[in-house]
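Protein chains: 2
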Amino acid sequence: MTQIHYPALDIPRPYGLFIADIRDRLDAKTALGLLEWRPDWCAAQFRFSNDHLDLGLPDLDFAAAAAAGIKTVVVGGAPFGGRLPPEWIAALAEALRAGLNVASGLHDRLHDNELLRKLAAEHGGQLFDIRGSRGLTLPVATGRRRRGKRVLTVGLDCAIGKKFTALMLERQMIARGINATFRASGQTGILISGGGIAIDSVVADFIAGAAELLSPDNVPDHWDVIEGQGSLFHPAYAGVSLGLLHGSQPDAIILCHEAARMHVDGYPDFPLVDIQTGIAQHLELARLTNPDVRCAGISLQLSQLPKADHAAALAAMEDRTGLPCVDPAITGTDRLIDFLLADSGSQRG
Amino acid sequence: MTQIHYPALDIPRPYGLFIADIRDRLDAKTALGLLEWRPDWCAAQFRFSNDHLDLGLPDLDFAAAAAAGIKTVVVGGAPFGGRLPPEWIAALAEALRAGLNVASGLHDRLHDNELLRKLAAEHGGQLFDIRGSRGLTLPVATGRRRRGKRVLTVGLDCAIGKKFTALMLERQMIARGINATFRASGQTGILISGGGIAIDSVVADFIAGAAELLSPDNVPDHWDVIEGQGSLFHPAYAGVSLGLLHGSQPDAIILCHEAARMHVDGYPDFPLVDIQTGIAQHLELARLTNPDVRCAGISLQLSQLPKADHAAALAAMEDRTGLPCVDPAITGTDRLIDFLLADSGSQRG
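Heads up: the sequence lines are chains D and E, in that order.
Whatever position you read off the first sequence (first residue = 1), add 219 for the numbering used here.
Whatever position you read off the second sequence (first residue = 1), add 219 for the numbering used here.
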């Protein structure tokens with residue numbers, strides 16, 4: 220009965236991942252996300268030189284990629300602010316000339332670039348802008364409670380596991396026979412799941428309304444697993460996070476954290492809040508649209524810690540919070556799912 | 220030294236206010252705001268019939284208005300969601316045919332309407348879209364502390380006096396010789412002051428960045444008086460309010476309330492929070508970008524109460540909060556200004 224009220228994406232595959240001049244893995248979130256969750260869809264990488272980030276895919280030029288049957292060049296990263304650098308535009312123009320499609324999740328829209336539009340028309344290529352409302356007229360949020368259950372991943376910062384945690388939750392819930400759907404709120408999640416709304420790119424008045432659209436009414440035992448965005452504690456993006464929190468009206472939140480992260484990434488003057496404050500402030504604000512909201516656990520990225528310390532870090536976090544704590548990439552999310560199921564009996568269907 | 224980094228507006232005057240089929244004063248915020256703060260600019264009203272809201276201005280048709288020297292038809296209200304109804308478009312087309320310009324603060328842009336664009340070109344009229352980024356490339360917020368002082372009006376709901384309070388503060392601060400600038404964050408404030416950014420209409424990732432742009436670095440004794448938007452407690456618009464709060468990094472907030480308002484306007488399932496919770500939650504969230512933020516008082520709309528109860532209502536609110544409480548339309552804002560000046564001595568210049 221899952222109704223999708225927003226347009227699905229249908230981007231021809233396989234993909235070649237456009238790395239361009241990216242060097243840092245943190246700047247290639249979209250490429251790495253696709254490669255992790257949809258490895259079968261990724262057949263090549265396009266880099267400006269061998270000095271740039273290597274995903275371990277074949278390095279092809281655009282002509283060779285087209286000859287090998289690759290259909291779409293997917294921009295694999297997002298420069299700060301979502302801008303499209305001129306040298307990327309020049310390269311994507313070459314991709315279109317080679318007969319490929321181009322997909323991008325940047326704020327700077329491919330469709331707003333005259334050269335790319337012209338080349339796409341001339342060479343029969345398609346341009347896919349993942350961000351934006353994609354032609355949809357977004358509603359003002361109503362605040363009306365919706366049927367079905369919802370869990371939202373939230374975080375003390377950006378790039379801290381919100382998408383990964385939600386995708387793993389969906390995968391493991393479905394494996395256990397639970398009726399669950401991942402709801403993408405960002406460009407990488409949309410590319411991975413083939414649908415969703417990039418909440419950070421809608422007009423500000425419609426953030427919560429877009430979030431309401433993203434997780435529509437459903438059957439009582441269905442779980443929407445909603446990908447979080449930004450952080451309430453981020454000096455640039457907290458508005459996005461709050462609108463998504465309100466519009467999602469989650470029955471449960473999962474707080475994402477990274478064991479070694481001390482301050483907001485790129486903002487050294489903004490130390491991360493402690494985990495208890497993080498939970499309390501999320502719940503306080505979330506109660507506006509769902510007074511029954513609970514925190515169902517912590518998703519803690521351990522990759523920065525020595526392996527020998529992993530179990531102790533998880534146990535310490537469980538002691539501090541009284542909540543299940545997992546690293547989805549290492550332990551999976553079963554303990555979160557157990558908690559969600561045990562805790563949701565009394566909630567509205 | 221006030222630097223304006225965003226484009227100023229230069230809309231030909233005088234204005235005719237476009238009321239169309241609006242009946243309720245609450246739906247004509249832009250017209251009423253202009254009439255209140257810039258009466259000299261408003262020379263006519265355009266209504267579909269005499270049954271519709273009467274501002275007390277001459278009722279002219281567009282041809283008579285053009286003959287009388289009126290230059291621009293200003294859309295005086297915003298239908299829910301900021302959409303432009305077809306019958307309004309038809310009327311605005313007639314205005315363009317009569318040789319007038321058209322200005323609108325709706326989310327639906329005049330420039331996106333092919334008919335209006337065509338008629339403007341044919342008849343030499345100009346279209347002004349107040350909302351949107353107006354060609355500006357918005358930055359991601361940095362969180363960097365800026366020089367100069369800032370006061371932001373916030374509210375427990377929309378349409379609760381945030382703009383009025385800020386305009387009165389600016390007027391009365393300037394009258395006292397204080398270096399102060401009103402910073403408009405919404406379409407009506409922009410029309411009144413001739414500049415600003417409609418924060419609710421920017422792409423969500425840039426809310427706080429736009430707010431940073433709106434109140435740039437200034438001399439130490441300068442006050443930006445920033446118009447608030449929405450409410451942290453509004454199920455649709457809280458994201459806008461939080462981004463504006465963070466980007467404004469206010470030294471002081473003024474909390475706006477209406478004595479008789481019991482729930483969020485149009486959302487009967489959302490009772491207003493009590494005033495202490497409202498203050499505390501604003502301050503908690505505002506501390507992210509300005510740890511020294513204070514609440515400098517309450518702006519209480521008394522118009523719904525009998526006149527005999529006004530003084531008692533203000534006194535009761537002062538007792539409850541320990542803060543100065545005014546109705547700017549009745550008492551002025553001097554008590555708020557006194558508090559701001561007394562309280563700001565220790566703050567950074």
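Quick reminder that beta carbons are idealized off the backbone N, C-alpha and C, glycines included.
These numbers were taken from a predicted model, which means no experiment stands behind them.
Which chain D residues are close to residue i, counting only those with a beta carbon under 8 Å from its beta carbon?
i: threonine 508(E); result: Pro454
i: glycine 354(E); result: Result: empty, since nearest Cβ-Cβ is about 13 Å, beyond 8 Å.
Which chain E residues are close to residue i, counting only those with a beta carbon under 8 Å from its beta carbon?
i: alanine 427(D); result: Pro454, Ala455, Tyr456, Ala457, Gly458
i: valine 512(D); result: Within chain E, no residue comes near valine 512(D); the closest Cβ sits about 14 Å away, beyond 8 Å.
i: proline 358(D); result: Gly300
i: histidine 476(D); result: Ordered by position in chain E, no residue passes the 8 Å Cβ test against histidine 476(D), which lies about 17 Å from the chain.
i: histidine 271(D); result: Ordered by position in chain E, no residue passes the 8 Å Cβ test against histidine 271(D), which lies about 24 Å from the chain.
Which two residues bound the contiguous beta strand (DSSP E) that contains residue i?
i: glutamate 431(D); result: Glutamate 431(D) -> not in any beta strand (DSSP E); alpha helix (DSSP H) instead, spanning 426 to 433.
i: tryptophan 260(D); result: Segment: none, tryptophan 260(D) is in no beta strand (DSSP E) and carries neither H nor E.
i: leucine 519(D); result: 513 to 520
i: phenylalanine 489(D); result: 486 to 490
i: valine 444(E); result: 442 to 445
Interface residues of chain D around residue i at Cβ under 9 Å?
i: glycine 288(E); result: Ordered by position in chain D, no residue passes the 9 Å Cβ test against glycine 288(E), which lies about 35 Å from the chain.
Residues of chain D with CB under 7 Å from residue i, in chain order?
i: serine 420(E); result: Val422, Ala423, Asp424
i: histidine 465(E); result: Pro454, Ala457
i: leucine 482(E); result: Sequence inspection shows histidine at residue 482(E); the leucine mentioned does not correspond to that position. Under the 7 Å cutoff, chain D gives no residues; its nearest Cβ is about 11 Å from histidine 482(E).
Residues of chain E with CB closer than 9 Å to the CB of residue i, please, in chain order.
i: phenylalanine 489(D); result: Gly362, Leu507, Thr508
i: histidine 501(D); result: Within chain E, no residue comes near histidine 501(D); the closest Cβ sits about 12 Å away, beyond 9 Å.
Can you name the start and end residues of the alpha helix (DSSP H) that residue i belongs to?
i: phenylalanine 383(D); result: 381 to 394
i: aspartate 493(E); result: From DSSP, aspartate 493(E) is part of no alpha helix (DSSP H); its letter is neither H nor E.
i: lysine 337(D); result: 333 to 342
i: glycine 415(D); result: No alpha helix (DSSP H) contains glycine 415(D), which DSSP labels as neither H nor E.
i: alanine 529(D); result: Looking at the sequence itself, residue 529(D) is histidine, so the reference to alanine does not match. Here the alpha helix (DSSP H) through histidine 529(D) covers 529 to 540.
i: histidine 465(E); result: 457 to 467
Chain E partners of residue i, CB-CB under 7 Å?
i: leucine 461(D); result: Ala457, Gly458, Leu461
i: histidine 330(D); result: In chain order: nothing, as chain E lies at least about 14 Å away.
i: tyrosine 486(D); result: Gly362
Taking the DSSP output, what are the residues bridged to residue i?
i: threonine 291(D); result: Tyr234(D), Asn320(D)
i: histidine 482(D); result: Pro490(D)
i: histidine 271(D); result: Its beta-bridge partners do not exist; DSSP assigns none.
i: aspartate 278(E); result: Gln264(E)
i: threonine 372(D); result: Ile473(D)
i: cysteine 544(E); result: Ile517(E)
i: valine 422(E); result: Val422(D)
Per DSSP, what kind of secondary structure is residue i in: helix, strand or coil?
i: glycine 551(D); result: coil
i: phenylalanine 347(D); result: strand
i: alanine 227(D); result: coil
i: isoleucine 409(E); result: helix
i: leucine 355(D); result: coil
i: arginine 365(D); result: coil
i: glutamine 222(E); result: Summary for glutamine 222(E): the model assigns pLDDT 42, below 50, so the residue's position carries little reliability; its value from the coordinates is reported in the next sentence. If DSSP states are grouped into helix, strand and coil, glutamine 222(E) belongs with coil.
i: isoleucine 241(D); result: coil
i: histidine 476(D); result: strand
i: threonine 400(E); result: strand
i: leucine 507(E); result: coil
i: leucine 303(E); result: coil
i: alanine 561(E); result: helix
i: isoleucine 556(E); result: helix
i: glycine 252(E); result: helix
i: histidine 453(D); result: coil
Problem - Meets three-Cβ-pair contact criterion under 8 Å: the region 369 to 380 of chain E and the region 435 to 447 of chain E - result: yes
Exercise for the section: May I ask you to verify whether the region 329 to 348 of chain E touches the region 468 to 476 of chain E, counting CB pairs closer than 8 Å and requiring at least 3? Expected result: no
Handout entry: Contact between the region 274 to 291 of chain E and the region 232 to 245 of chain E (3+ Cβ pairs under 8 Å)
Key = yes
Practice task
Check whether the region 356 to 364 of chain E touches the region 417 to 425 of chain E, counting contact only when three or more Cβ pairs, one atom from each stretch, lie closer than 8 Å.
Solution key: yes
Problem - Inter-stretch contact at 8 Å, needing at least 3 Cβ pairs: the region 523 to 538 of chain D / the region 333 to 353 of chain D - result: no
Exercise for the section: Take every Cβ of the region 546 to 555 of chain E, pair it with every Cβ of the region 387 to 399 of chain E, and state whether three or more of those distances are shorter than 8 Å. Expected result: yes
Problem - Three CB pairs or more closer than 8 Å across the region 320 to 329 of chain E and the region 291 to 306 of chain E - result: yes
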